[in-house]
Amino acid sequence: DGGITQSPKYLFRKEGQNVTLSCEQNLNHDAMYWYRQDPGQGLRLIYYSQIVNDFQKGDIAEGYSVSREKKESFPLTVTSAQKNPTAFYLCASNRNGGGQETQYFGPGTRLLVL
Amino acid sequence: GQQVMQIPQYQHVQEGEDFTTYCNSSTTLSNIQWYKQRPGGHPVFLIQLVKSGEVKKQKRLTFQFGEAKKNSSLHITATQTTDVGTYFCAGPRSNYQLIWGAGTKLIIKP
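Protein chains in written order, with the numbering used here: chain A, 1 to 114; chain B, 1001 to 1110.
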């Protein structure tokens, strides 16, 4: 069963803590993306990766970091530098990153600050 | 910079009424994509329009791409409860990114 998985579904962060959100895909897609969605708003791009061992900042990369050591995996770390991390985080992928291509989304992770 | 504006932000309709959302880009787009996000869910691809003036239908949903390839619309005829959600348009910003509209939330009045 092909698709994108994200874990956990809900994540709680304490002040000053770094947390990592997991994103895995078995679609054999080269490109992967992380978006942040705030209530009533659209999707804002945090980071994207077109290929293994390479990634680029999106519009709101400050306070976040990523890695792309494997094609299937693109974890996102929300660092303590991100002062307002409460949001819905969506991971997406597509075949080779073209703007012409459909993006496929995982189920998302809701991050809440305690 | 490039912007994609989507209106309205919300639309309340009685079940059976029609719904329309409009998407306007500040630049010409090579294509436009539409996605639906159910409450609590993730965006799911609906359709892609590529040609100037293109019209595509999916059952009760009609999608249009403007002649200048800068605007698009989604029209739903005779809404049903299964249509509830937020509808997003998105267009290419670069070879590797999409720029997203803020979405229109379809709410069915009780």
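C-beta atoms are modelled at their ideal positions from N, C-alpha and C, and glycine is treated no differently.
Since the model is a prediction, treat every value here as computed from it, not as a measurement.
Taking A:I51 as reference, the option from A:Y33, A:Y64, A:G40 with the minimal CA-CA separation is A:Y33.
Per DSSP, the beta-bridge partners of B:H1075 are B:T1020, B:T1062. Using beta-carbon distances, B:W1100 counts as an interface residue toward chain A, with a partner under 8 Å. In the DSSP annotation of this structure, the continuous segment of the beta strand (DSSP E) that includes B:I1107 starts and ends at 1104 to 1108.
Taking the beta carbon of A:F105 as reference, the chain B residues within 8 Å of it are H1042, P1043, V1044, listed in sequence order.
Between A:R68 and A:P75, the alpha-carbon positions lie close to 7 Å from each other.
Counting only unbroken stretches of 4 or more residues, no alpha helix (DSSP H) element lies wholly within the segment 81 to 108 of chain A.
The beta carbons of B:F1045 and A:T102 sit closer together than 8 Å. DSSP, read as helix, strand or coil, puts B:D1083 in helix. Here A:T79 carries a coil assignment [DSSP, helix/strand/coil].
Under the Cβ criterion of 8 Å, B:Y1096 is counted among the residues facing chain A. Between B:V1050 and B:K1109, the C-beta gap is not smaller than 8 Å, which leaves the two residues out of contact. Only A31, Y33, Y35, Q37, G40, Q41, G42, L43 from the segment 12 to 43 of chain A bring a Cβ to less than 9 Å from some Cβ of chain B.
Under the three-state reduction of DSSP output, A:I46 falls in the strand class.
Judged by pairs of C-beta atoms under 8 Å, the segment 78 to 91 of chain A touches the segment 27 to 45 of chain A, as three or more such pairs exist.
Neighbours of A:L45 across chain B, judged by C-beta separation under 7 Å: Q1097. Taking C-beta atoms as the reference points, B:S1026 and B:Q1058 fail to come closer than 8 Å.
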